[in-house]
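Residue 541 in the UniProt record's numbering sits at position 541 of the sequence shown, with consecutive numbering throughout.
Positions of the beta carbon are idealized from the N, C-alpha and C atoms, including for glycine.
Treat the numbers as computed from the prediction; the structure is a model and nothing was measured.
One structure is given below, encoded as structure tokens.
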Amino acid sequence: MEAEASNGNGNGCSNDHDIIRWFDTISTNVATVQRETLRQILELNRGVEYLKKWFGDKDLDIREMDACEMESLYTSLVPLVSHEDLEPFIQRIADGDTSPILTQHPITTLSLSSGTTEGRQKLIPFTRHNSETTLQIFRLAAAYRSRVYPTRSNGRNLEFIYSSKRFKTRGGLMAGTATTHFFASEEYRIKQEKIKLFTCSPHEVISTGDYKQTTYCHLLIGLFFRKEVECITSTFAYSMVQAFSSFEEQWEDICKDIKEGNVSSKITLSKMRKAVLDIIEPNPSLASRIEDICKGLQGSDWFGLVPKLWPNAKYVYSIMTGSMQHYLKKLRHYCGSLPLVSAEYGSTESWIGVNLDPSLEPEKVTFAVMPTFSYFEFIPLYRQDQYSGSGSVDFIEDDPVPLSQVKVGQEYEIVLTTFTGLYRYRLGDVVEVSGFHNETPKLKFICRRKLLLVVNIDKNTEKDLQLVVEKGSQLLSKHRAELVDFTSHAKLTHQSGHYVIYWEIKGKVEERVLCECCREMDASFVDPGYVVSRRTNSIGPLELCIVERGTFKKILDYFIGNGATLSQFKIPRCTNNETLLKILDLYTVKRFRSTAYS
Ligand code: AMP
Numbered sequence: 001m002e003a004e005a006s007n008g009n010g011n012g013c014s015n016d017h018d019i020i021r022w023f024d025t026i027s028t029n030v031a032t033v034q035r036e037t038l039r040q041i042l043e044l045n046r047g048v049e050y051l052k053k054w055f056g057d058k059d060l061d062i063r064e065m066d067a068c069e070m071e072s073l074y075t076s077l078v079p080l081v082s083h084e085d086l087e088p089f090i091q092r093i094a095d096g097d098t099s100p101i102l103t104q105h106p107i108t109t110l111s112l113s114s115g116t117t118e119g120r121q122k123l124i125p126f127t128r129h130n131s132e133t134t135l136q137i138f139r140l141a142a143a144y145r146s147r148v149y150p151t152r153s154n155g156r157n158l159e160f161i162y163s164s165k166r167f168k169t170r171g172g173l174m175a176g177t178a179t180t181h182f183f184a185s186e187e188y189r190i191k192q193e194k195i196k197l198f199t200c201s202p203h204e205v206i207s208t209g210d211y212k213q214t215t216y217c218h219l220l221i222g223l224f225f226r227k228e229v230e231c232i233t234s235t236f237a238y239s240m241v242q243a244f245s246s247f248e249e250q251w252e253d254i255c256k257d258i259k260e261g262n263v264s265s266k267i268t269l270s271k272m273r274k275a276v277l278d279i280i281e282p283n284p285s286l287a288s289r290i291e292d293i294c295k296g297l298q299g300s301d302w303f304g305l306v307p308k309l310w311p312n313a314k315y316v317y318s319i320m321t322g323s324m325q326h327y328l329k330k331l332r333h334y335c336g337s338l339p340l341v342s343a344e345y346g347s348t349e350s351w352i353g354v355n356l357d358p359s360l361e362p363e364k365v366t367f368a369v370m371p372t373f374s375y376f377e378f379i380p381l382y383r384q385d386q387y388s389g390s391g392s393v394d395f396i397e398d399d400p401v402p403l404s405q406v407k408v409g410q411e412y413e414i415v416l417t418t419f420t421g422l423y424r425y426r427l428g429d430v431v432e433v434s435g436f437h438n439e440t441p442k443l444k445f446i447c448r449r450k451l452l453l454v455v456n457i458d459k460n461t462e463k464d465l466q467l468v469v470e471k472g473s474q475l476l477s478k479h480r481a482e483l484v485d486f487t488s489h490a491k492l493t494h495q496s497g498h499y500v501i502y503w504e505i506k507g508k509v510e511e512r513v514l515c516e517c518c519r520e521m522d523a524s525f526v527d528p529g530y531v532v533s534r535r536t537n538s539i540g541p542l543e544l545c546i547v548e549r550g551t552f553k554k555i556l557d558y559f560i561g562n563g564a565t566l567s568q569f570k571i572p573r574c575t576n577n578e579t580l581l582k583i584l585d586l587y588t589v590k591r592f593r594s595t596a597y598s
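Encoded structure:
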């Protein structure tokens, strides 16, 4: 199994067939594969301080132990933890302590999670294993995609990807986002060779840390090679939608650059300018062709921009599930009938699952768990309203079960034990098992576990909010307007609190329509705690705040300024962050209070 797994780093699997066969092998008999994975992790990190703390000084001979015995010993002695519990250990590593704290091999690189879901960035150990598994899952997913949407060998991939600035921690370790480390790795280069699709932009464009300049150059080079582009990708759908909406404003400059073989003066970073100038040449006929297309597209609000500008693209590929689902509507608008393929499920901590059915609509996609990447456990979650419980607890939990014992239709929180020093680590994502590929479960992403909106006995998650906003914004489409982005806040006052939902809208909408949207959202929360509290007025009427156009860009800029990267960026769907609330309140132009329940 180990030999097969390491084939994924580029030396062994000679073609798609091999990597699919490899996955078929590891996804069969997953109980054994998972125990073997746990054994490898424990052997690799035998004797580290953190494990000693739970195992005591007993020098367990993991290799000789019965696999089931080892698994139950591990799960009975080592506790479930969250990032907060591991933080003191990770901080010591960041500060330069090279003793074997979490791993035997000293950690030299740390990843910063995007921080946009939890509100703060987490430091997470990063090793070569992360890049290797990234390469493996990308190759596997590409093999499945190429069965449905074959691409021309050695074509180009227009990738809207972005690195953050990397920095050194106090102890001299390299820190940056996980995607930044991957784009700079050897595995990123190997991936292009293996899947025979080469990214349009050179590293100098990806790595600058200035997302506006990077986006411009991605578009410029992508259009220069427009006939060679076989697919268009990004890590999360948000960055792709950002890129196309900035194209609506910058297409004339881009056409001018293509005509003259030049780079606009707004690209000020010299390395980036030089790298782009080395690629593009004057091409007046291409420029005038693109100009004609854009003039036509302007009349249809840029519907079908992607297939018109990149006529040979076979599909668009990005994470479109979870908090990205909101951007699907806009993405479909830009892509017309071009297939949208929902990308894999993972986190800075570990990759989790692969999309084996690229032809599925993004709303229906599931992720088959990669059983050699980490040791997975699943905490069964039961919705509170099945019980009489109340308070701020979101779900009733049962004891964690191993991967091989999950059940279809059940919701779980994922727990990870990774090769990089995280032991029984609660990821905080809620998933539902929707079936199996061989024996490995296929997961539907439900939401982040953390409750977003809570005033008193009400409990609403990211998913609940998303459904409510979808319902409320349906009215906008009837009035030729669209919801660009949204977030929320539970406003607590000493008497009663209420929910505030912030909307940025494109298009003109009458006040009476917005009033109706506000009422509709308030009436659409189905959580019994909320409904009861609204009826008794212990939660006040929902408030809808309309913010100026461009406000959510300001929020993006705020996060980027604090070290986030556009590649991993997710707008927080609920915030208590004071700076963000200040931005939102400063740019609020209209406020409505719901008339539901009155
Ligand atoms: P980060 O480590 O900060 O990049 O964020 C990882 C988180 O993004 C995961 O824990 C999920 O909540 C979310 N995520 C990643 N991949 C997907 C996906 N395919 N669908 C939905 N959410 C995802």
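Quick one: what does DSSP say Ile279 is sitting in, helix, strand or coil? Position 279 of the sequence shown, counting from 1, holds the residue named residue 279. Ile279 carries a coil assignment under DSSP once its states are collapsed to helix, strand and coil.
Cα-Cα separation, Ile267 to Val341: The residue you call residue 267 lines up with position 267 of the sequence shown. The residue you call residue 341 lines up with position 341 of the sequence shown. Approximately 32 Å between the Cα atoms of the pair.
Judging by CA-CA distance, which residue of Glu193, Glu363, Phe247 and Lys478 is the nearest neighbour of Asn15? Within the sequence shown, residue 15 is the residue found at index 15, counting from 1. Distance from the Cα of Asn15 is smallest, within the candidate group Glu193, Glu363, Phe247 and Lys478, for Glu193.
Straight-line Cα distance separating Arg63 from Asn562: Within the sequence shown, residue 562 is the residue found at index 562, counting from 1. Within the sequence shown, residue 63 is the residue found at index 63, counting from 1. CA-to-CA, the gap between Asn562 and Arg63 works out to about 45 Å.
Thr321 beta carbon near the ligand AMP (any heavy atom closer than 7 Å): For this step, residue 321 is matched to residue 321 along the sequence shown. For Thr321, the distance from the CB to the nearest heavy atom of the ligand AMP is below 7 Å.
Here's the rule: buried if 16 or more other CB atoms are within 10 angstroms of the residue's CB, otherwise exposed. What is Asp66? Within the sequence shown, numbered from 1, the residue matching residue 66 stands at position 66. Exposed is the call here.
Any idea what DSSP makes of Thr177, helix, strand or coil? In the sequence shown, the residue the question calls residue 177 occupies position 177. Of the three classes helix, strand and coil, the one that applies to Thr177 here is strand, per DSSP.
For Val354, which beta-bridge partners are listed by DSSP? For the purposes of this step, residue 354 is identified with residue 354 of the sequence shown, where counting begins at 1. When beta bridges are read from the DSSP output, Val354 appears opposite Ala368.
Can the beta-carbon of Tyr412 be found closer than 8 Å to that of Ile396? Numbered from 1 along the sequence shown, position 412 holds the residue referred to as residue 412. Numbered from 1 along the sequence shown, position 396 holds the residue referred to as residue 396. No, the pair does not count as a contact, with Cβ atoms beyond the cut-off.
Since Gly435 sits in a beta bridge, which residues does DSSP pair it with? Taking the sequence shown and counting its residues from 1, the one referred to as residue 435 is at position 435. DSSP lists Lys442 as partners of Gly435.
Report the rounded CA-to-CA distance for Glu159 versus Arg535, giving the unit in angstroms. Start at 1 with the first residue of the sequence shown, and residue 159 comes out as number 159. Start at 1 with the first residue of the sequence shown, and residue 535 comes out as number 535. The alpha-carbon atoms of Glu159 and Arg535 are separated by roughly 49 Å.
Run the CB neighbour count on Gln213, radius 10 Å, all protein chains shown included, and call it buried at 16 or more, exposed below. Counting from one through the sequence shown, the residue named residue 213 turns up at place 213. Classification for Gln213: buried.
What are the start and end residues of the alpha helix (DSSP H) that includes Cys518? Residue numbering aside, residue 518 sits at position 518 when the sequence shown is read from its first letter. Run containing Cys518: Glu511 to Ser524, per the alpha helix (DSSP H) assignment.
For Lys582, which option in Gln466, Arg480 and Lys554 has the closest C-alpha, if you only look at C-alpha atoms? The count along the sequence shown starts at 1 and reaches residue 582 at position 582. Comparing Cα positions, the closest option is Lys554.
For the stretch 402-416 against the stretch 425-435, are there 3 or more C-beta pairs whose distance is under 8 Å? Three or more beta-carbon pairs separated by less than 8 Å link the stretch 402-416 to the stretch 425-435, which places the two stretches in contact.
Let me check you understand the geometry: is the CB of Gln91 closer than 7 Å to at least one non-hydrogen atom of the ligand AMP? Taking the first residue of the sequence shown as position 1, residue 91 is located at position 91. No, Cβ of Gln91 sits at least 7 Å from all heavy atoms of the ligand AMP.
Range covered by the beta strand (DSSP E) that runs through Gly155: One-based indexing of the sequence shown puts residue 155 at position 155. Run containing Gly155: Gly155 to Phe160, per the beta strand (DSSP E) assignment.
The ligand AMP and Gln466: does any heavy atom of the ligand fall closer than 7 Å to the residue's C-beta? Counting from one through the sequence shown, the residue named residue 466 turns up at place 466. No, Cβ of Gln466 sits at least 7 Å from all heavy atoms of the ligand AMP.
Helix, strand or coil at residue 599 according to DSSP, with G and I counted as helix: Since the first residue of the chain shown is 1 and the last is 598, residue 599 is not available in this structure.
Ends of the alpha helix (DSSP H) at Phe138? As a first step, residue 138 is located in the sequence shown; it is residue number 138 there, counting from the start. Here the alpha helix (DSSP H) through Phe138 covers Arg128 to Val148.
Find the nearest neighbour of Ile101 within the set Gly47, Ile319 and Tyr188, judged by alpha-carbon distance. Taking the sequence shown and counting its residues from 1, one reaches residue 101 at position 101. Of the candidates Gly47, Ile319 and Tyr188, the one whose C-alpha sits nearest the C-alpha of Ile101 is Gly47.
Which residues in the same chain have their Cβ closer than 8 Å to the Cβ of Gln386, if we skip the five residues on either side of it in sequence? Position 386 of the sequence shown, counted from the first residue, corresponds to residue 386. Because the pLDDT of Gln386 is 41, which lies under 50, any placement of that residue in the model is unreliable, and the number read from its coordinates should be weighed accordingly. Taken in chain order, the residues that qualify are Ile396.
Counted within 10 angstroms of its Cβ, other Cβ atoms place Thr98 as buried (16 or more) or exposed: To locate residue 98, count along the sequence shown from 1; it is residue 98. Exposure of Thr98 is indicated by the presence of fewer than 16 other C-beta atoms within 10 angstroms of its C-beta.
Tell me which residue opens and which closes the alpha helix (DSSP H) that Leu331 is part of. As a working note, residue 331 is residue 331 in the sequence shown. Unbroken alpha helix (DSSP H) run through Leu331: Leu328 to Cys335.
beta-carbon Gly346 near the ligand AMP non-hydrogen atom, thresh 7 Å: For the purposes of this step, residue 346 is taken as residue 346 along the sequence shown, with counting starting at 1. Checking the Cβ of Gly346 against the ligand AMP gives yes.
Excluding the 5 residues preceding and the 5 following Lys196 in the sequence, name in chain order all residues of the same chain whose CB lies nearer than 7 Å to its CB. Against the sequence shown, residue 196 aligns to sequence position 196. The beta carbon of Lys196 is closer than 7 Å to those of Ser153 and Asn154 in its chain, skipping five residues each way along the sequence.
Reducing DSSP to helix, strand and coil, say where Glu349 ends up. Locating residue 349 in the sequence shown gives position 349, counting from the first residue. The three-state reading of DSSP puts Glu349 in coil, since its state is none of H, G, I, E or B.
Hey, Ala596 and Asp522 are a contact pair by Cβ (cut 8 Å); roughly how many whole angstroms apart? To locate residue 596, count along the sequence shown from 1; it is residue 596. To locate residue 522, count along the sequence shown from 1; it is residue 522. Between Ala596 and Asp522 the beta-carbon gap is near 4 Å, inside 8 Å, which marks them as a contact.
Using only the heavy atoms of the ligand COA, determine whether one of them is closer than 7 Å to the beta carbon of Phe376. The ligand COA is not part of this structure, which contains only the ligand AMP.
Can you tell which of Asp585, Leu123, Ala143 and Leu135 has the C-alpha that lies nearest to the C-alpha of Arg166? Within the sequence shown, the letter at position 166 stands for residue 166. For the residues Asp585, Leu123, Ala143 and Leu135, the minimum Cα distance to Arg166 belongs to Leu123.
For Thr588 and Glu548, what's the separation of their Cα atoms in angstroms? Indexing the sequence shown from 1 puts residue 588 at position 588. Indexing the sequence shown from 1 puts residue 548 at position 548. Approximately 6 Å between the Cα atoms of the pair.
6 Å CB neighbourhood of Leu586 in its chain, flanking five on each side removed: Numbered from its first residue, the sequence shown carries residue 586 at position 586. Around Leu586: no qualifying Cβ.
In the DSSP assignment, find the unbroken alpha helix (DSSP H) run with Val306 in it and report its ends. Along the sequence shown, read from residue 1 onward, the residue named residue 306 stands at position 306. Boundaries of the alpha helix (DSSP H) around Val306: Leu305 to Leu309.
Among Gly540, His218 and Gly435, nearest to Leu356 - alpha-carbon criterion: Numbered from its first residue, the sequence shown carries residue 356 at position 356. For the options Gly540, His218 and Gly435, the alpha carbon positioned closest to that of Leu356 is the one of Gly435.
Provide the residue span of the beta strand (DSSP E) that contains Arg593, from first to last. Along the sequence shown, read from residue 1 onward, the residue named residue 593 stands at position 593. For Arg593, the enclosing beta strand (DSSP E) starts and ends at Thr588 to Arg593.
Just to confirm the assignment, what range does the alpha helix (DSSP H) spanning Trp251 have? What you label residue 251 is simply residue 251 of the sequence shown in a count that begins at 1. Start and end: Ala237 to Glu260.
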